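Chemist: When we follow our numbering, the leftmost residue of the sequence shown carries the number 893, and every step to the right adds one.
In this text, a Cβ means the ideal position worked out from N, Cα and C, and glycines have one as well.
Quick caveat: nothing in here was measured; it's all calculated off a predicted structure.
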Amino acid sequence: MELTRASKELFARSPDERYESLGSLWEYCRQKKDKSTDRWHAPHEIRTAANGNLRLDIGEDSFYMNDWSFSQLCRLAGVAKDTVNRLSPSTADQVFKETLPRSGNKPLQLLTDDNGVRSLHGTAYTRLWDADLVMTIREFAVDFQPPQKGFNGATGLYAGEQDMFCFLIDPNGWCEIDGEAFAPGFFIWNSEVGRRSLGIETFWFQSVCANHIVWDATEVISWKRKHTASISEGLTDIRRILTQLIDKRDERKDGFYKAVKKAMESTVADADEAMKLISKGGINRSLAKKALEIAQEKGRFSIWSIVDALTQLSREMENVGDRTDADQKAAGLLALV
893 MELTRASKEL
903 FARSPDERYE
913 SLGSLWEYCR
923 QKKDKSTDRW
933 HAPHEIRTAA
943 NGNLRLDIGE
953 DSFYMNDWSF
963 SQLCRLAGVA
973 KDTVNRLSPS
983 TADQVFKETL
993 PRSGNKPLQL
1003 LTDDNGVRSL
1013 HGTAYTRLWD
1023 ADLVMTIREF
1033 AVDFQPPQKG
1043 FNGATGLYAG
1053 EQDMFCFLID
1063 PNGWCEIDGE
1073 AFAPGFFIWN
1083 SEVGRRSLGI
1093 ETFWFQSVCA
1103 NHIVWDATEV
1113 ISWKRKHTAS
1123 ISEGLTDIRR
1133 ILTQLIDKRD
1143 ERKDGFYKAV
1153 KKAMESTVAD
1163 ADEAMKLISK
1173 GGINRSLAKK
1183 ALEIAQEKGR
1193 FSIWSIVDAL
1203 TQLSREMENV
1213 GDRTDADQKA
1223 AGLLALV
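1. Looking only at its own chain, which residues have a Cβ that is under 6 Å from the Cβ of Arg-922, when we skip the five neighbours before and after it?
2. Leaving out five residues before and five after Arg-897 in sequence, what residues of the same chain have Cβ atoms less than 6 Å from its Cβ?
3. List the whole-angstrom C-beta distance separating Phe-1043 from Asn-977, where the pair is believed to meet the contact cut-off of C-beta under 8 Å.
4. With a threshold of 16 other CB atoms inside 10 Å of the CB of Glu-1165, please say whether the residue is buried or exposed.
5. Applying the 10 Å Cβ sphere with the 16-neighbour rule, what's the burial state of Thr-940?
6. Under a three-way DSSP split, which group does Gln-964 fall into?
7. Specify whether the segment 1025-1038 and the segment 902-922 touch according to this definition: at least 3 beta carbon pairs, one from each stretch, less than 8 Å apart.
8. If you check the beta carbons only, do Pro-1076 and Trp-1107 fall under 8 Å apart?
9. Can you have a look at Trp-960 and say buried or exposed, based on whether 16 or more other CB atoms are within 10 angstroms of its CB?
10. Note down, in chain order, each residue of its chain lying with its Cβ closer than 6 Å to the Cβ of Lys-973, except the 5 sequence neighbours on either side.
11. Just checking my contact of Leu-1003 with Ile-950 at CB under 8 Å: how many whole Å lie between their CB atoms?
12. With a cut-off of 8 Å on the beta carbons, I'd call Tyr-1050 and Glu-909 a contact; round off their distance for me.
13. Taking the alpha-carbon of Lys-1221 as reference, which of Ser-1011, Asp-1146, Glu-894 and Gly-1173 has the nearest alpha-carbon?
14. Are the CB atoms of Phe-1059 and Thr-1110 within a distance shorter than 8 Å?
15. When DSSP labels each residue in this structure, what does Ile-1170 get in the three-state scheme?
16. Just to confirm my understanding: we take Leu-1127, look at its own chain, exclude 5 residues before and 5 after, and list those with CB closer than 6 Å. What are they?
17. DSSP on Ala-1073, reduced to helix/strand/coil?
18. In three-state terms, what does DSSP make of Leu-917?
19. Rounded to the nearest angstrom, what separates Ile-1198 and Ala-1218 at their Cα positions?
20. Tell me whether the beta-carbon of Met-893 lies closer than 8 Å to the beta-carbon of Val-1112.
In structure tokens:
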């Protein structure tokens, strides 16, 4: 199975939405949270005004809107955003004056900062801050880090005006699953302004390409939750899902280390016996001969020295698919011990 969530983010994000580390991502999210203010107002207290540009007057304060909050205002008024965008500010102001709801006892929830209105919601929406989610990741996924940078410099860690997204892997978490090598990873996302749900997807993978497509993923687990009154429980679920992934990694690594130890202790009598063993793993004769020459230089034919030699040779292959296939077959020899 191939997973493309991170690849879609790679192509969608601008350079100013990329972050080099979880620490820098958290700092950005923390500053956003600190500068933001939740405001609750009755519908009749919220008015549009035109003075060169369209603004939103809330009580005695006046704010500009970004693209997202303007979209939400249009939905609240029941008017098409594309249509309003073609109008002059004064005409758009008149449209909203006639279409925005003025009655009702339920207040509206507005999130503002120094730059204007970030979001506009009804009472059913409950916020989960990006900073709190990133802090949870830093606490519970300490061994995970972004993959290699994408072809365009994308890092896998993104945050902007509307949402955040993280793509993290454990580069030292390689384990054996059914005779093949896999490492754990996950995607996680959130929007504190209602652009998307809270979600996480964990998986075990074999490779990540320069487009940040995750190849040969298995044991994929997806979870998401809407921003309703119970959204705070989402962090508890995120912790549980990350803990399950980490526990499974530790369990598998323990088994993998035992297999490696056994492979280091297991030897074959000579080159002919070693060749027979390698042929059982589906490795071609030319590659097998080169691997045996490298292994012989180390003094003896242990299963591990053969696997290690095959891994060294795979690094010299230009094609990613050939390297992955060779690594998988080499790892498969451990199952023959």
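Modeler: Walking through what the data contain:
1. Along the sequence shown, read from residue 1 onward, the residue named residue 922 stands at position 30. Closer than 6 Å at the Cβ level, and outside the excluded window around Arg-922, lie Ala-1023.
2. Taking the sequence shown and counting its residues from 1, one reaches residue 897 at position 5. The answer, listed in chain order, is Phe-1079.
3. Taking the sequence shown and counting its residues from 1, one reaches residue 1043 at position 151. Taking the sequence shown and counting its residues from 1, one reaches residue 977 at position 85. About 34 Å; that fails the 8 Å criterion.
4. In the sequence shown, counting from the first residue as 1, residue 1165 sits at position 273. Burial call: exposed.
5. Locating residue 940 in the sequence shown gives position 48, where the first residue counts as 1. Taking all protein chains shown into account, Thr-940 has 16 or more neighbouring C-beta atoms within 10 Å of its C-beta and is therefore buried.
6. Position 72 of the sequence shown, counted from the first residue, corresponds to residue 964. Under the three-state reduction of DSSP, Gln-964 is assigned to helix.
7. With a cut-off of 8 Å, the segment 902-922 and the segment 1025-1038 count as touching, because enough Cβ pairs lie within range.
8. Translated into the one-based positions of the sequence shown, residue 1076 becomes position 184. Translated into the one-based positions of the sequence shown, residue 1107 becomes position 215. No; because the gap between Cβ atoms is not below 8 Å, this pair is not in contact.
9. In the sequence shown, counting from the first residue as 1, residue 960 sits at position 68. Trp-960 is buried by the Cβ-count criterion.
10. Taking the first residue of the sequence shown as 1, we reach residue 973 at position 81. Cβ neighbours of Lys-973 beyond the five flanking positions: Ser-963 and Cys-966.
11. In the sequence shown, residue 1003 corresponds to position 111, counting from 1. In the sequence shown, residue 950 corresponds to position 58, counting from 1. So it is not a contact: roughly 11 Å between Cβ atoms.
12. For the purposes of this step, residue 1050 is taken as the residue at position 158 of the sequence shown. For the purposes of this step, residue 909 is taken as the residue at position 17 of the sequence shown. Correct: roughly 5 Å between the Cβ atoms.
13. In the sequence shown, residue 1221 corresponds to position 329, counting from 1. When only C-alpha atoms are compared, the closest one is Gly-1173.
14. Taking the sequence shown and counting its residues from 1, one reaches residue 1110 at position 218. Taking the sequence shown and counting its residues from 1, one reaches residue 1059 at position 167. At the C-beta level, Thr-1110 and Phe-1059 stay beyond 8 Å of one another.
15. One-based indexing of the sequence shown puts residue 1170 at position 278. Reduced to three states, the DSSP call for Ile-1170 is helix.
16. For the purposes of this step, residue 1127 is taken as residue 235 along the sequence shown, with counting starting at 1. Counting only residues of its own chain and dropping the five nearest sequence neighbours on each side, Leu-1127 has a CB closer than 6 Å to the CB of Thr-1028.
17. Reading the sequence shown from its first residue, position 181 is the one you call residue 1073. Correct three-state label for Ala-1073: strand.
18. For the purposes of this step, residue 917 is taken as the residue at position 25 of the sequence shown. Looking at Leu-917 - three-state DSSP - the assignment turns out to be helix.
19. For the purposes of this step, residue 1198 is identified with residue 306 of the sequence shown, where counting begins at 1. For the purposes of this step, residue 1218 is identified with residue 326 of the sequence shown, where counting begins at 1. Ile-1198 and Ala-1218 have their C-alpha atoms roughly 13 Å apart.
20. For the purposes of this step, residue 893 is taken as residue 1 along the sequence shown, with counting starting at 1. For the purposes of this step, residue 1112 is taken as residue 220 along the sequence shown, with counting starting at 1. It is a contact, given that the beta carbons lie within the stated cut-off.
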